[in-house]
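Participant: Attaching a single structure in structure tokens format; questions to follow.
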């Protein structure tokens, strides 16, 4: 396990003070691209060490996705399915809190049980909920902007899924629409990732930590490891979309894998308390 969190090329720096608080950052390590594979491997070991917990957690979100799609279809709001799917990455980090907890417990030798993972928010409820609120706001902003961008390009409400391919994708303005929509979503996803990639695991690992301090640390960690974090964010997005591309069935495995691996990415970047 120690190999994941140490590397001959790593170094630590004393960091500037985070926004709004008087204490310095914890030690933030510089990580390398090759460590991403170690985080994924460690995440897979966590998943296979407790498959009942991890897969049950993942299947719960698969079922939730099916209920959401079915419900929107029954309500005549199927046009919202694609924006909701696209915005899933914005809130996925907070949904994976129980998976971070499973990895934390396995690392510290504590028992790993499903109920304990579902109750992970109780370790730091107010601060975790604060970041969850931030991510939910970003999610709602995405939904509004997605509908606005669509209205600008097509001057109408989104069509039903059955006619989406013909009416939208085959339209002459489709390429520019997809580029603009991707850029808007990418900006919001970058903000969500930067604020949460370290912050959420940190709030579980250090319950005395505030949301502001954790998000400041997350921003600093991403800044110091920008090149690696760009690749890591793309990897997590690819894993998540692969799960959704299988009509959400793959989320049962992909979401736990991404969640467990994210814990190990945090542990690799953030060192001891100061």
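Residue numbers (this note's numbering): 1 to 274. The beta carbon of each residue, even a glycine, is placed where N, CA and C say it ideally should be.
Report buried or exposed for residue 205, applying the criterion of at least 16 other Cβ atoms within 10 angstroms of its Cβ.
Facilitator: So residue 205 counts as buried.
Participant: Assuming residue 255 is part of the alpha helix (DSSP H), what are its boundary residues?
Facilitator: Residue 255 -> alpha helix (DSSP H) spans 251-269.
Participant: If we count Cβ pairs, one from each stretch, closer than 8 angstroms, do we get three or more for the region 90-103 versus the region 65-80?
Facilitator: No, the region 90-103 is not in contact with the region 65-80.
Participant: Looking at residue 118 and residue 201, is the spacing between their C-beta atoms short of 8 angstroms?
Facilitator: No, these two residues do not count as a Cβ contact at 8 angstroms.
Participant: Can you give the Cα-Cα distance for residue 106 and residue 46, rounded to whole angstroms?
Facilitator: Distance between the alpha carbons of residue 106 and residue 46: 7 angstroms.
Participant: Please list the terminal residues of the continuous alpha helix (DSSP H) segment that includes residue 246.
Facilitator: Residue 246 -> no alpha helix (DSSP H), and no H or E assigned at all.
Participant: From which residue to which residue does the alpha helix (DSSP H) around residue 190 run?
Facilitator: Segment 174-196, the alpha helix (DSSP H) holding residue 190.
Participant: Would you kindly check if the distance between the Cβ of residue 196 and the Cβ of residue 131 is under 8 angstroms?
Facilitator: Yes; because the gap between Cβ atoms is below 8 angstroms, this pair is in contact.
Participant: Please report whether the beta-carbon of residue 254 lies at a distance below 8 angstroms from any beta-carbon of chain B.
Facilitator: Checking the listed chains, one finds no chain B in this structure; it contains a single protein chain.
Participant: For a quick check, are the C-beta atoms of residue 31 and residue 228 less than 8 angstroms apart?
Facilitator: Yes.
Participant: Taking the straight line between their C-alpha atoms, what separation do you get for residue 88 and residue 55?
Facilitator: One C-alpha to the other measures close to 19 angstroms.
Participant: Relative to the alpha-carbon of residue 191, which residue among 233, 150, 211, 72 has its alpha-carbon at the smallest distance?
Facilitator: When only C-alpha atoms are compared, the closest one is 233.
Participant: For residue 218, count neighbouring C-beta atoms within 10 Å of its own C-beta (all shown protein chains included) and say buried if the count is 16 or more, exposed if not.
Facilitator: Buried is the call here.
Participant: State whether the region 175-185 contacts the region 130-149, with contact taken as three or more CB pairs (one from each stretch) at a distance under 8 angstroms.
Facilitator: These segments touch.
Participant: Is it buried or exposed for residue 11, if we count other Cβ within 10 angstroms and need 16 for buried?
Facilitator: Confidence in residue 11 is poor, its pLDDT being 45 and thus under 50, which makes the residue's placement too unreliable to answer from.
Participant: Taking only the alpha-carbon atoms, compute the straight-line gap between residue 261 and residue 155 and give it to the nearest angstrom.
Facilitator: Answer to the nearest angstrom: the Cα atoms are 42 angstroms apart.
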